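Asker:
Numbering (my numbering), first residue to last: 11 to 376.
#1: Quick one: residues in its chain with C-beta nearer than 7 Å to the C-beta of residue 4, no 5 flanking neighbours on either side, listed in chain order?
#2: Let's see if you can read the secondary structure: which residues bound the beta strand (DSSP E) around residue 278?
#3: Given that a residue counts as buried once 16 or more other Cβ atoms are within 10 Å of its Cβ, and exposed if not, what is residue 309?
#4: Just to confirm my understanding: we take residue 299, look at its own chain, exclude 5 residues before and 5 after, and list those with CB closer than 7 Å. What are they?
#5: To which residues of the same chain is residue 312 closer than 6 Å at the C-beta, ignoring the five residues directly before and after it?
#6: Suppose you measure from the CA of residue 272 to the CA of residue 150; what does that come to, to the nearest Å?
#7: Buried or exposed: residue 259, going by 16 or more other Cβ atoms within 10 Å of its Cβ?
#8: Find the nearest neighbour of residue 76 within the set 50, 97, 45 and 115, judged by alpha-carbon distance.
#9: Under the three-state reduction of DSSP, which class applies to residue 157: helix, strand or coil?
#10: Relative to the alpha-carbon of residue 1, which residue among 222, 197 and 209 has its alpha-carbon at the smallest distance?
#11: Go through its chain and collect everything with a Cβ distance to residue 67's Cβ below 7 Å, but skip five positions before and after it.
#12: Should residue 98 and residue 54 be called a contact, given that it needs their Cβ atoms to be closer than 8 Å?
#13: What residue does the beta strand (DSSP E) around residue 390 start on, and which one ends it?
#14: Where do the N-terminal and C-terminal ends of the alpha helix (DSSP H) with residue 237 fall, by residue?
#15: Looking only at DSSP bridge pairs, what is residue 23 linked to?
#16: Tell me the rounded alpha-carbon separation between residue 194 and residue 376.
#17: Which word fits residue 132, buried or exposed, when buried means at least 16 other C-beta atoms lie within 10 angstroms of its C-beta?
#18: For residue 114, name the three-state secondary structure that DSSP assigns.
#19: Assuming the contact rule is C-beta atoms closer than 8 Å, residue 235 and residue 25 should be a hit. Round their C-beta distance to whole Å, please.
#20: Please tell me whether residue 363 and residue 31 are closer than 8 Å, where the distance is taken between their beta carbons.
#21: Quick check: the Cα distance between residue 228 and residue 220, rounded to an integer number of angstroms?
#22: Let me make sure I understand the geometry here. Which of 173, 187 and 199 has the alpha-carbon closest to that of residue 181?
#23: Can you give me the start and stop residues for the alpha helix (DSSP H) that residue 53 sits inside?
#24: Apart from the five residues on each side of it in sequence, which residues of its chain come closer than 8 Å, Cβ to Cβ, to residue 162?
#25: Is DSSP giving residue 76 helix, strand or coil here?
#26: Check whether the Cβ of residue 335 sits closer than 7 Å to any heavy atom of the ligand ATP, and report yes or no.
#27: What first and last residue would you give for the alpha helix (DSSP H) that runs through residue 123?
#28: Go ahead and pull the three-state DSSP assignment for residue 263.
#29: Have a look at the DSSP bridge pairing and note the partners of residue 305.
#30: I'd like to check one pair, residue 80 with residue 50: are the Cβ atoms closer than 8 Å?
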């Protein structure tokens with residue numbers, strides 16, 4: 011392969027795993043699972059097509075039957091779902107790549123009509139403002155969640171999902187702890203008003219995430235098979251503490267995560283145009299990470315990725331892998347396109363999600 015971006019094309023170790031290159035495919039919700047959240051043969055084809063990535067992060071995958079606002083999203087809490095994912099992971103491995111399952115729960119920003127008759131949950135009875143649901147009716151919008159009585163019970167839900175991911179043949183798991191979803195809601199004072207050991211102080215607000223990570227590590231028996239995604243700048247789903255508060259909170263959390271010797275920390279700028287603080291996560295927190303690999307996500311091009319992998323313009327050292335999202339939709343062989351200077355095609359946003367009778371349209375037909 012031509013090497014326009016030699017560092018991006020170079021392999022790297024993630025614990026005992028060898029990533030054949032440093033291009034990571036981001037989690038991309040595509041809504042092609044069957045009813046009941048069961049992965050399909052078409053999904054196996056979709057992921058197998060994108061194995062030019064050194065590591066694939068699965069689409070967000072629900073850890074229980076509630077906590078969603080999307081149709082036809084896969085889960086990891088039933089035997090049928092595990093069986094379906096086995097087809098996907100086998101297809102990825104047959105095509106010489108690796109895949110982590112992203113563990114997902116929307117918490118207070120889930121759609122109230124899709125909660126199996128149960129209330130939305132969150133750390134506190136604090137409603138998120140706004141509430142525009144994709145593919146589902148906006149009304150009634152975000153609702154006030156029921157505070158989770160014992161968060162340790164949810165730690166166990168994530169533990170079971172991590173166990174299911176291992177059974178399904180994944181190479182590891184990533185905790186989605188950003189973008190205003192349940193773990194993120196525990197991290198920030200904006201949404202966490204608890205006064206017990208799960209809230210109130212910087213240390214207590216970090217507890218939920220840290221306990222989930224420890225549970226995932228225990229299930230896998232290898233800390234390097236566990237990663238996390240963070241969006242400290244907020245700006246989505248009514249999240250984002252002030253600069254000072256976010257800096258204190260995430261400094262503590264990231265240092266504690268790094269002590270656990272996990273595989274990687276994925277930083278994402280998120281949606282800065284709607285942000286509540288001005289932090290640039292990579293600049294702020296890269297210097298704190300000593301043991302984990304650092305992944306960066308958000309608006310990357312081949313040039314930017316190569317520079318950041320070489321440490322150019324990055325405070326505290328280079329990143330270790332570059333995470334590309336939407337470019338992988340229309341460019342299944344994205345790394346080859348980048349390396350050869352080819353045109354990175356744009357996908358049709360109208361076909362991001364399941365909107366056609368032919369589910370392959372805008373999915374596996376590029």
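Ideal placement from N, C-alpha and C gives every residue a C-beta, glycine not left out. Remember, it's a predicted structure, so these values are computed and weren't measured experimentally.
Answerer: Straight from the coordinates:
#1: A query on residue 4 cannot be resolved here, the shown segment of the chain reaching from 11 to 376 and no further.
#2: 274-278
#3: exposed
#4: 264, 268 and 275
#5: 15 and 348
#6: 39 Å
#7: buried
#8: 115
#9: strand
#10: One cannot answer for residue 1 here, as it falls past the ends of the chain, which runs 11 to 376.
#11: 34, 35, 36, 37, 110, 112 and 184
#12: yes
#13: Residue 390 lies beyond the residue range present for the chain, which begins at 11 and ends at 376; the question has no answer from this structure.
#14: Run containing residue 237: none in the alpha helix (DSSP H); it sits in the beta strand (DSSP E), 236-240.
#15: 28
#16: 34 Å
#17: buried
#18: strand
#19: 7 Å
#20: no
#21: 12 Å
#22: 173
#23: 51-59
#24: 221
#25: coil
#26: The ligand ATP is not part of the structure shown, which contains no ligands of any sort.
#27: Residue 123 -> no alpha helix (DSSP H), and no H or E assigned at all.
#28: helix
#29: 276 and 331
#30: no
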